[in-house]
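Peer 1: Take the sequence shown: its letter number 394 is residue 382 in the working numbering, and every next letter is one higher.
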Amino acid sequence: MNEIKRTKVSHLLTRRDFGTEVLVKGWVRTRRGSKAVSFIALNDGSTIKNVQIVADLDRFDEELMKQITTGACISVRGTVVESIGSGQAVEIQASEIVLLGACPADYPMQKKGQTFEYMRQYAHMRLRTNTFGAVMRIRHNMAFAIHKFFHDRGFFYFHTPLITASDCEGAGQMFQVTTLDLNRVAKSGKVDYNEDFFGKPASLTVSGQLEGELGATALGAIYTFGPTFRAENSNTPRHLSEFWMIEPEISFMDLPELMDLEEEFIKYCVQWALDNCADDLEFLNSMIDKSLIERLRSVVNTEFVRLSYTEGIEILKKAISEGRKFEFPCEWGDDLASEHERYLVEEYFRKPVIMTHYPKAIKAFYMKIDEVNPVLEGKEMAQTVQGTDVLFPQIGEIIGGSVREEDYDKLMGEIESRGIPMKDMWWYLDTRRFGSCPHAGFGLGFERLILFVTGMQNIRDVIPFPRTPRSAEF
Ligand code: ATP
Ligand code: MN
């Protein structure tokens, strides 16, 4: 037989050249039919859609056909024919079927309609389901859109290290990296970091920002896009121990420009999904969340609210005085809990909110301090900083960003008053010593964006292999 090239299902379904011979390969989703004919729904991962294979049973070996069960991998040669019943315009009349991989009955994804908790136990196999296929294709598209967005605007993709010896955002939540033999260390009763691989304590990064600032103050505008590690023991549907972060950093950018960039960036990504992931979004809209597409469209078409923290507190306190109950308090100075953020976004404004000018004490040391203190109920409040959190429906915080303090003395003042160990950070301070420049940036949690765009509820279900406390099996 003459060799023909494999056609992907995504391409095949667009073809109308009836009568042409094709070769498709993929996994059996379902099989139904009668004694005379079988209808096989075949999926090869290129699209959410299946192609229907029609197999007249008198043409195929009975033993072979027995093995064509859900999950089996097959190769099919046949002709493209017009379809009436498959839900697609075309189907394949099979002339040859080869079993590439049988799939015994203990295939964990055999049954439809399993819960996501169940599927998480089989994270290595759940990728073969419709939902995870859709989520992973959207994830790819979002990564591509992010690179395109920044590339088109003259940002450079800048690679910051994953292993770091600087401990700037609080030691408690970092994973230590060591080649020391912990059993031996335990026996000797003391740690000698001189003997460790880097000659000093090292960790996995919690953020590429500080190194990103080095890039931005040389290249003008950069972005990072890489994995980030946090050892915090927060078992929530919005936290992972290993997640991907996008961190643009831009010289000469002020607060209004930063907010414009944050808003434009998110809208671009969401619009990209609407334009390029229609089939997968329609699937998720019908199976996971009936208001998904409507929500995505509304985000693209609304102007985000821009609100100071102090104004936000005012709104929340008013709601409380009118009887709205919250689990956590929210006095000026408190870090907002996700219930507060969601009240503002989902109930009060009903659109995304960019919150700014937070109390200095609840934000990082590098944020630029505001010149004027806010006033609440006639009272002057403590200092605020030019931080911006973008708050989203369903998700809460999706972006955290700020204008950076570029003044050496002010930055040093914060570092000292907070008791931040800076002995390994001299290189960061050098950005402020040599040709310091105003600059700003933000961090977007990639998986939080995917949660929003897919309508999935749990962050463990939008990354192929989730890492969370006590869970790193696959
Ligand atoms: P949160 O308050 O939600 O814990 P954070 O303030 O600690 O987040 P940042 O340090 O500002 O987060 O990180 C920037 C962005 O990274 C956040 O806006 C969020 O989108 C994402 N992010 C932070 N922590 C996690 C995590 N553990 N898993 C997934 N994404 C995260
Ligand atoms: Mn934050």
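Idealized CB from N, CA, C, for every residue including glycine.
Just so it is clear, the structure is predicted and the values come from calculations on it, not from any experiment.
1) Can E463 and T212 be called in contact, C-beta distance under 9 Å?
2) Going by the DSSP bridge assignment, what does Q40 pair with across the sheet?
3) Quick one: give me the first and last residue of the alpha helix (DSSP H) that W260 is part of.
4) When we look at the beta-carbon of R20 and count the other beta-carbons within 10 Å, is it buried (16 or more) or exposed?
5) For the alpha helix (DSSP H) containing I301, name the first residue and the last one.
6) From M444 to K136, what does the alpha carbon distance come to, in whole angstroms?
7) Which same chain residues, not among the five before or five after E329, have their C-beta less than 7 Å away from its C-beta?
8) Got a sec: does ligand 1 put a non-hydrogen atom nearer than 8 Å to the Cβ of H227?
9) Rounded to whole angstroms, what is the Cα-Cα separation between N273 and V333?
10) Relative to the C-alpha of E359, which candidate in Y346, L88, V373, V12 has its C-alpha closest?
11) With distances taken Cα to Cα, identify the nearest neighbour of A505 among L243, S326, D44.
12) At what residues does the alpha helix (DSSP H) containing V173 begin and finish?
13) Going by DSSP in three states, G388 sits in which element: helix, strand or coil?
14) Quick check on Y331: buried or exposed, where buried means 16 or more other Cβ atoms within 10 Å of its Cβ?
15) Ignoring anything shorter than 3 residues or poking outside the segment 362 to 439, list the beta strand (DSSP E) runs there in chain order.
16) Let me check understanding here. Comparing Cα to Cα, which of I80, Q40, G73, P92 lies closest to K54?
17) How do the segment 397 to 408 and the segment 430 to 446 stand: do at least 3 beta-carbon pairs fall below 8 Å, yes or no?
18) Look at the alpha carbon of A159 and the alpha carbon of S239, and state the distance between them as a whole number of angstroms.
19) For the candidate residues F186, R458, T442, whose alpha-carbon lies nearest to that of T119?
20) Does the count of Cβ pairs from the segment 331 to 351 and the segment 407 to 416 closer than 8 Å reach three?
21) Does the separation of the CB atoms of R4 and V78 fall below 9 Å?
22) Under DSSP, the beta strand (DSSP E) around E70 begins and ends at which residues?
23) Pop quiz: D248 and V391 are said to be a contact at Cβ under 8 Å. What is the actual Cβ separation, rounded to whole angstroms?
24) Where does P317 land, buried or exposed, given buried means 16+ other C-beta within 10 angstroms?
25) Cβ-heavy atom distance between M233 and ligand 1 below 8 Å?
26) Tell me, to the nearest whole angstrom, how far the beta carbon of I85 is from that of D268; I am working on the premise that it is less than 8 Å.
27) Quick one: give me the first and last residue of the alpha helix (DSSP H) that K(-7) is part of.
Peer 2: On the basis of the supplied data:
1) Lying outside -11 to 462, the shown extent of the chain, residue 463 is not represented and no answer is given.
2) Paired residues: A29.
3) Where W260 is concerned, the enclosing alpha helix (DSSP H) stretches over 243 to 264.
4) Exposed, because fewer than 16 other Cβ atoms sit within 10 Å of the Cβ of R20.
5) Boundaries of the alpha helix (DSSP H) harbouring I301: 297 to 309, taken from the DSSP string.
6) Those two C-alpha atoms are separated by around 25 Å.
7) Sequence-distant Cβ neighbours of E329 in its own chain, meaning closer than 7 Å and more than five residues away, are L379, G384, E385.
8) For ligand 1, at least one heavy atom lies less than 8 Å from the Cβ of H227.
9) Distance from the CA atom of N273 to the CA atom of V333, rounded to whole angstroms, is 21 Å.
10) In terms of CA proximity to E359, V373 leads the group Y346, L88, V373, V12.
11) This structure cannot speak to residue 505, because the chain is shown only from -11 to 462.
12) V173 -> alpha helix (DSSP H) spans 170 to 176.
13) In the displayed model, G388 falls within a strand according to three-state DSSP.
14) Its Cβ being crowded by 16 or more others within 10 Å, Y331 is buried.
15) Segments of the beta strand (DSSP E) lying fully in the segment 362 to 439: 372 to 380, 384 to 391, 427 to 433.
16) The residue with the shortest Cα to Cα distance from K54 is P92.
17) Contact fails: fewer than three Cβ-Cβ distances are below 8 Å.
18) With a pLDDT of only 44 at A159, under the threshold of 50, the placement of this residue in the model should not be trusted; the figure read from the coordinates follows. Going by the C-alpha atoms only, they are around 28 Å apart.
19) Nearest to T119 by C-alpha distance, out of F186, R458, T442, is T442.
20) Touching, no.
21) Between R4 and V78, the C-beta gap is smaller than 9 Å, which places the two residues in contact.
22) First-last of the beta strand (DSSP E) with E70: 61 to 70.
23) About 13 Å separates the beta carbon of D248 from that of V391, a gap too long to meet the 8 Å contact definition.
24) That one is exposed.
25) Set against 8 Å, the gap from the CB of M233 to the closest heavy atom of ligand 1 is smaller.
26) Contact annotation, I85 with D268: C-beta distance approximately 28 Å; criterion of less than 8 Å not satisfied.
27) Here K(-7) belongs to no alpha helix (DSSP H), and DSSP marks it neither H nor E.
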